[in-house]
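Residue 31 in my numbering sits at position 31 of the sequence shown, with consecutive numbering throughout. Glycine included, each C-beta is placed from N, C-alpha and C at the ideal position. For reference, the structure is listed below as structure tokens.
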Amino acid sequence: MDQPEKDKSLEFLSGGMGIEAIAGIGTVVLAILGLAGVIPAYMTAIAAIVAGAGLLLGGASIASRLDYLRAHAANEAKFGELSEGMGGEFLAGLGGVVLGILSLIGIVPATLLPIAAIVLGGGLLVGIGAVGRLNKYPTFMEGETHTDYVARQTTSSAAGTQLLVGFASIALGILALVGFSWMTLTLVAFLCVGCATWFTGMSLGGRLQAALHHHLHHW
């Protein structure tokens, strides 16, 4: 009776991670265009919106399955790590979207966009808990194959990358905020955030898809 719920959870979560990966690619493209001199002010603001939307939707996909995840957590502490990571990622994404929109309509972009880089970097750091917990969730590791194992190891590497990028984005945002070539540094920060969300979304989404494929063929 639990198998359909497990499959539905895997579908929702892998879909959310897929959207996060697509948003990451979009952020990378926008940041590169901005760094190349293509209407950089607009590209920076739109990159903040896209990156924020990716984190927002990734967090929302986890939130949609919280009841199932709580019921199958190894213990309450580990579920707490997951829910806190999800909440932090969701709020950081929302903050990035709001700050990007305000900047896009011309409200102190030189201040709000570096703040968005700091907020999104913080979201990546907080979101590591959710990535780590989902990657090793007990109910998703049942009957793990070699392919599942490789996908899990790749996701662990992505979480490590996310940690470094989170700190880098915060540092770049702070430097931009105090006036050091704010637009260039902010675009570099968004480029880093985009790469991290693409890598994490792709690897975790692939991990969950591998688990779903295994479950469907053994049900």
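Using the Cα positions of residue 217 and residue 207, report the straight-line distance between them to the nearest angstrom.
With a pLDDT of 44 at residue 217, under the threshold of 50, the modelled position of this residue cannot be trusted, and the question is left open.
Since residue 29 contacts residue 198 with CB under 8 Å, what's their CB separation in whole angstroms?
Going by Cβ atoms, the distance from residue 29 to residue 198 rounds to 10 Å, so no, they are not a contact pair.
Residue environment, residue 48, which counts as buried when at least 16 other CB atoms sit within 10 Å:
Residue 48 counts as buried, since at least 16 other C-beta atoms from the protein chains shown sit within 10 angstroms of its C-beta.
Mind reading off the beta-carbon distance from residue 200 to residue 162? Whole number of angstroms is fine, and I expect it under 8 Å.
Taking a contact as a CB-CB distance under 8 Å, the pair residue 200 and residue 162 counts as one, their CB atoms being some 5 Å apart.
Under DSSP, the alpha helix (DSSP H) around residue 45 begins and ends at which residues?
Per DSSP, residue 45 belongs to the alpha helix (DSSP H) from 40-63.
Could you check what DSSP says for residue 229 in three-state terms: helix, strand or coil?
Residue 229 lies beyond the range of the chain shown here (1 to 219); nothing can be said about it.
Which same chain residues, not among the five before or five after residue 15, have their C-beta less than 7 Å away from its C-beta?
Correct list, in chain order: 61.
Looking at C-alpha atoms only, which residue of 171, 106, 168 and 181 is the closest neighbour of residue 220?
No answer is possible for residue 220: it lies beyond the span of the chain, which begins at 1 and ends at 219.
If you run the structure through DSSP and keep just helix, strand and coil, what is residue 199?
Helix at residue 199.
Just to confirm my understanding: we take residue 8, look at its own chain, exclude 5 residues before and 5 after, and list those with CB closer than 6 Å. What are they?
Once the five neighbours on either side are set aside, residue 8 has no close Cβ partner at all.
Below 8 Å on the Cβ atoms is my guess for residue 184 versus residue 35; work out the distance and round it to an integer in Å.
Correct: roughly 7 Å between the Cβ atoms.
What did DSSP end up calling residue 118 once you bin it into helix, strand or coil?
Secondary structure at residue 118: helix, using DSSP grouped into helix, strand and coil.
Through-space distance from residue 178 to residue 94, alpha-carbon basis:
The alpha-carbon atoms of residue 94 and residue 178 are separated by roughly 24 Å.
Please confirm whether residue 89 and residue 121 have their CB atoms less than 9 Å apart.
Their beta carbons are not under 9 Å apart, which means residue 89 does not touch residue 121 by this criterion.
Proximity below 9 Å, CB of residue 190 to CB of residue 31:
Judged by beta-carbon spacing, residue 31 lies within the 9 Å limit of residue 190, meaning their Cβ atoms are closer than that value.
Considering only residues of the same chain and omitting the five flanking positions on each side of residue 192, which have a CB-CB separation below 8 Å?
Short of 8 Å from the beta carbon of residue 192, and not among the five residues preceding or following it, lie these beta carbons of its own chain, in chain order: 165, 168, 169 and 172.
Straight-line CA distance for residue 196 to residue 24?
For the pair residue 196 and residue 24, the Cα-to-Cα distance works out to about 7 Å.
Smallest Cα separation from residue 158: which of 109, 50, 129 and 38?
Comparing alpha carbon positions, the residue from 109, 50, 129 and 38 closest to residue 158 is 129.
How is residue 15 classed by DSSP in three states: helix, strand or coil?
It is helical.
Since residue 91 and residue 112 should fall inside the 8 Å C-beta cutoff, what is the C-beta to C-beta distance between them, to a whole number of angstroms?
Not a contact, Cβ separation roughly 16 Å.
Quick one: Cα of residue 11 to Cα of residue 83, how far?
So the two alpha carbons sit approximately 19 Å from each other.
Could you work out which residue in 123, 176, 209 and 50 is closest to residue 26 when comparing CA atoms only?
The shortest C-alpha separation from residue 26 is found at 50.
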